[in-house]
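Novice:
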Amino acid sequence: MFDIDEKIPALIYAEGEFGRIDGKTANGLVRFSKKYEIVGVLDSTRQEEYVSEVLEDVGEKIPIFNSLEQALEKLDVKPEAFINGIARDGGAFPYDRKEIFFKAMENGMDIVHGCHDHISEEKEFKKKMEKYGVDIWDVRKEPEDQHFFTGKLRDIDDPPRILVSGTDCAIGKRTFCIELYKELEDRGYNPAFVATGQTGMIQGAKYGFPLDGVRGDFLSGETEHVVWEASTDDDHDVVIVEGQACIVHPQGGNPLGLMKGVHPHGVVLIHAPGRKEKDGLLEFDPPDLDKEKETIEFFYPNSVISIGINHENGIDVDEWIKKYEDKYGVPAEDALLGRPTKTADKIEKEFINGQPKVERAR
7 MFDIDEKIPA LIYAEGEFGR IDGKTANGLV RFSKKYEIVG VLDSTRQEEY VSEVLEDVGE
67 KIPIFNSLEQ ALEKLDVKPE AFINGIARDG GAFPYDRKEI FFKAMENGMD IVHGCHDHIS
127 EEKEFKKKME KYGVDIWDVR KEPEDQHFFT GKLRDIDDPP RILVSGTDCA IGKRTFCIEL
187 YKELEDRGYN PAFVATGQTG MIQGAKYGFP LDGVRGDFLS GETEHVVWEA STDDDHDVVI
247 VEGQACIVHP QGGNPLGLMK GVHPHGVVLI HAPGRKEKDG LLEFDPPDLD KEKETIEFFY
307 PNSVISIGIN HENGIDVDEW IKKYEDKYGV PAEDALLGRP TKTADKIEKE FINGQPKVER
367 AR
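For the sequence shown, the numbering used here gives the first residue as 7, with consecutive numbering after it.
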């Protein structure tokens, strides 16, 4: 669920990264946002005039600007927020580019960023906030009251919980979540979306928290608590939870804690058949769909209900759909080339209108 009364006009900063993997926050926000009305994207390395010329699935005519000055000169609407749309490995704030954020603050814009650095607490930024009367939202700031795991979801089967996981970082998990949410909503259902990363939270998710801003002791517990809130609020028909990274990725253990906190009835697994290496780890083996599926189902047997395909690097999507459906016996589809209708069909029939039960986790 997205509980927003009125959208806030916003500019996205995506210098050198729009349309690329590290520009995933920008890419996601121009595709979908309930909290902010995206009025423009800043990326001087792009020659295109509109975002739809970079991201083929975006129909809106959102302009791309070379500079903040150009944006302010050409826009009819005064932006009220300046969003950092870049999400690089490690999540550090781009201090070498801080002047453009200061300039945005000078022009009356609040700053929104999903980096690990809490710039709202830093002296230089605090002075600018006071001087220009603006705010900073540190999206990844650790929740104040964190929760320890209790197992309270183990006896809740209504509404069913669907985790959208993946075989790598930045592979399309959140995008699939949003498209699945929209498809189920259009069918007359009342789905809940639980964001676990900064982009989903910036998009305006009612339920969410920054998973990688939470201490390890509370990973599964905080996940469980937020999913429980979504499960017990507003008579939802299904709860869709955004996964993070992948379980077998060597850079972190967050995805396993997240999965145990969700205690999913079903898992949608996103994979990019054309990806040749793990995100940020060129010397490691490429993402492995079989290995990820086996690992997930070691904990939750028979839980993978659908394969989401990421069509990067020009793969033949129809060929891979047939291959995966024949091999795994579950629906396969690309959510950016059309709504995930087959996955929605399965959820509608077997989970919303069925009698789902979680096979107990090991």
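Quick reminder that beta carbons are idealized off the backbone N, C-alpha and C, glycines included. For clarity, every value in this text was computed on a predicted model and none was experimentally measured.
Applying the 10 Å Cβ sphere with the 16-neighbour rule, what's the burial state of Leu264?
Specialist: Residue numbering aside, residue 264 sits at position 258 when the sequence shown is read from its first letter. Label assigned to Leu264: buried.
Novice: Could you tell me whether the stretch 265 to 284 touches the stretch 295 to 308, using the rule of 3 or more Cβ pairs below 8 Å?
Specialist: Contact holds: three or more Cβ-Cβ distances are below 8 Å.
Novice: Where do the ends of the alpha helix (DSSP H) carrying His231 lie?
Specialist: To locate residue 231, count along the sequence shown from 1; it is residue 225. Residues 225 to 238.
Novice: According to DSSP, which residues form a beta bridge with Glu43?
Specialist: To locate residue 43, count along the sequence shown from 1; it is residue 37. Beta-bridge pairing links Glu43 to Pro15.
Novice: Identify whether Phe71 lies in helix, strand or coil by the three-state DSSP scheme.
Specialist: As a position in the sequence shown, residue 71 is number 65, starting the count at 1. Looking at Phe71 - three-state DSSP - the assignment turns out to be strand.
Novice: Is the beta carbon of Asp28 sitting closer than 8 Å to the one on Ala77?
Specialist: Sequence index remark: in the sequence shown, residue 28 carries index 22 (1-based). Sequence index remark: in the sequence shown, residue 77 carries index 71 (1-based). It is not a contact, given that the beta carbons lie outside the stated cut-off.
Novice: Does Thr51 pass the burial test, meaning 16 or more other C-beta atoms within 10 Å, or should it be called exposed?
Specialist: On the sequence shown, residue 51 is found 45 positions in, with the first residue counted as 1. The residue is exposed, with fewer than 16 neighbouring Cβ atoms inside 10 Å.
Novice: Quick check for students: name the residue ranges of the alpha helix (DSSP H) that lie wholly in the stretch 287 to 333, counting only runs of 4 or more.
Specialist: Counting only runs of 4 or more, we get 295 to 305.
Novice: Rounded C-beta distance between Val36 and Glu148? I'm assuming under 8 Å.
Specialist: As a working mapping, residue 36 is identified with position 30 in the sequence shown. As a working mapping, residue 148 is identified with position 142 in the sequence shown. Not really, about 28 Å apart at Cβ, beyond 8 Å.
Novice: Please report the distance separating the alpha-carbon of Pro346 from that of Ile327.
Specialist: Position 340 of the sequence shown, counting from 1, holds the residue named residue 346. Position 321 of the sequence shown, counting from 1, holds the residue named residue 327. Near 12 Å, if we compare the C-alpha coordinates of Ile327 and Pro346.
Novice: Per DSSP, Ala6 is paired with what?
Specialist: Nothing about residue 6 can be read from this structure; the chain reaches only from 7 to 368.
Novice: Should the stretch 13 to 23 be called in touch with the stretch 85 to 103, which here means at least 3 C-beta pairs below 8 Å?
Specialist: Output reads yes: the stretch 85 to 103 touches the stretch 13 to 23.
Novice: So, helix, strand or coil for Phe88, using DSSP?
Specialist: Working through the sequence shown from its first residue, we reach residue 88 at position 82. DSSP places Phe88 in strand when its eight states are reduced to three.
Novice: Which word fits Gly157, buried or exposed, when buried means at least 16 other C-beta atoms lie within 10 angstroms of its C-beta?
Specialist: As a position in the sequence shown, residue 157 is number 151, starting the count at 1. It counts as exposed.
Novice: Which residues in the same chain have their Cβ closer than 7 Å to the Cβ of Pro197, if we skip the five residues on either side of it in sequence?
Specialist: As a first step, residue 197 must be located in the sequence shown, where it is residue number 191. Hits under 7 Å: Tyr187, Leu190, Glu191, His242, Asp243, Val244, Ile246.
Novice: Write down the C-beta distance between Arg167 and Val274 rounded to the nearest angstrom, noting that I regard them as a contact closer than 8 Å.
Specialist: Taking the sequence shown and counting its residues from 1, the one referred to as residue 167 is at position 161. Taking the sequence shown and counting its residues from 1, the one referred to as residue 274 is at position 268. With 8 Å as the limit, Arg167 and Val274 do not qualify as a contact, their Cβ atoms being about 12 Å apart.
Novice: What first and last residue would you give for the alpha helix (DSSP H) that runs through Phe131?
Specialist: By one-based count along the sequence shown, residue 131 stands at place 125. Run containing Phe131: 129 to 138, per the alpha helix (DSSP H) assignment.
Novice: Per DSSP, what kind of secondary structure is Glu185 in: helix, strand or coil?
Specialist: In the sequence shown, the residue the question calls residue 185 occupies position 179. Glu185: helix per DSSP, three-state reduction.
Novice: Report the three-state DSSP secondary structure of Asp192 (helix, strand or coil).
Specialist: Reading the sequence shown from its first residue, position 186 is the one you call residue 192. Residue state, collapsed to three classes: helix.
Novice: Please name the residue in Ala16, Glu43, Glu62 whose C-alpha comes closest to that of Asn90.
Specialist: Here residue 90 is taken as the residue at index 84 of the sequence shown, counted from 1. Among Ala16, Glu43, Glu62, the Cα nearest to that of Asn90 belongs to Ala16.
Novice: In terms of residues, what are the limits of the beta strand (DSSP E) holding Phe199?
Specialist: Looking up residue 199 in the sequence shown gives position 193. Element bounds for Phe199: 197 to 201.
Novice: Quick one, which of His153, Ala32, Asn359 has its alpha-carbon nearest Asp49's?
Specialist: Taking the first residue of the sequence shown as 1, we reach residue 49 at position 43. It is Ala32 whose Cα lies nearest to the Cα of Asp49.
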